[in-house]
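Notes follow the structure.
In my numbering, the protein residues as written are 77 to 287.
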């Protein structure tokens, strides 16, 4: 066996290990989301439809934070809200290791076109961040994994340093966080990363909406 052949075999084994690990993580997250949905279906309360999104609550809510989160749906761009079918507000933390600032649990979780948000604390980023995940999931395969966005990520990942890691999961988080920053802190994003700002404003067309 030549050195080159041995090297190729080792690389193939490493690649297979990464694929298997990613599949296992995906299955675990899928089970977690399914458990959330089953639990919420047993205790959920329907609050009506906001911009085409069915809104439900579950558990002991902080009513003030719930209202603050819900009001943000009215100001969200149509491009985002049309990508979400159901939104669950829960009064307990989402039991998922989070990426945000090293949190042990996530403030929000998105699976396909369904969004889960904890009302334990209010963050203006959470609603937009999760809706951008839904947008990402329903455009492309997904958009955050496109060659165009990966180039933007590579050149601008220090703009949002908490997500500065080479991983498809972090690409998705960067996409959602940068999108939220575009809506809530447009001047700062345009100054720090003008090409990233232009991507959301022109390429994705969010600049065409008024909100």
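A virtual CB, placed ideally from N, CA and C, is assigned to each residue, including glycine.
All values reported here derive from a predicted model rather than from experimental measurement.
Between which residues of its own chain and residue i is the CB-CB distance below 6 Å, once the five residues before and five after are set aside?
i           : result
residue 259 : 204
residue 138 : 195
residue 213 : 188
residue 211 : 156 and 159
residue 206 : 184, 186 and 191
residue 277 : 283
Taking only three categories from DSSP, how would you classify residue i?
i           : result
residue 199 : coil
residue 233 : helix
residue 130 : strand
residue 222 : coil
residue 99  : For residue 99, the predicted model reports a pLDDT of 42, less than 50, meaning its position is unreliable; a value from the coordinates is still stated below. Three-state result, residue 99: helix.
residue 124 : strand
residue 247 : helix
residue 182 : strand
residue 214 : coil
Sorted by chain position, which residues of the same chain lie with C-beta nearer than 7 Å to residue i's C-beta, five sequence neighbours on each side aside?
i           : result
residue 268 : 235
residue 83  : Here residue 83 scores only 45 on pLDDT, less than 50, and its place in the model should not be relied on; the value that follows carries that caveat. For residue 83, where only same-chain residues beyond five positions count, there are no Cβ hits under 7 Å.
Which residues in the same chain as residue i place their Cβ atom closer than 8 Å to its Cβ, once the five residues preceding and following it in sequence are excluded?
i           : result
residue 102 : No answer about residue 102 holds up, because its pLDDT of 44 lies below 50 and its placement is not dependable.
Under 8 Å by Cβ, that's how I've got residue i and residue j pegged, so tell me the actual separation to the nearest angstrom.
i           : j           : result
residue 251 : residue 225 : 6 Å
residue 228 : residue 275 : 6 Å
residue 121 : residue 150 : That belief does not hold up - the Cβ atoms of residue 121 and residue 150 are roughly 20 Å apart, past 8 Å.
Taking 8 Å as the threshold, find out whether the region 186-196 comes into contact with the region 148-158 through three or more Cβ pairs.
-> no
Check whether the region 194-211 touches the region 251-258, counting contact only when three or more Cβ pairs, one atom from each stretch, lie closer than 8 Å.
-> yes
Quick one: which unbroken alpha helix (DSSP H) runs of 4-plus residues sit fully inside the region 141-170? Chain order, please.
-> 154-157
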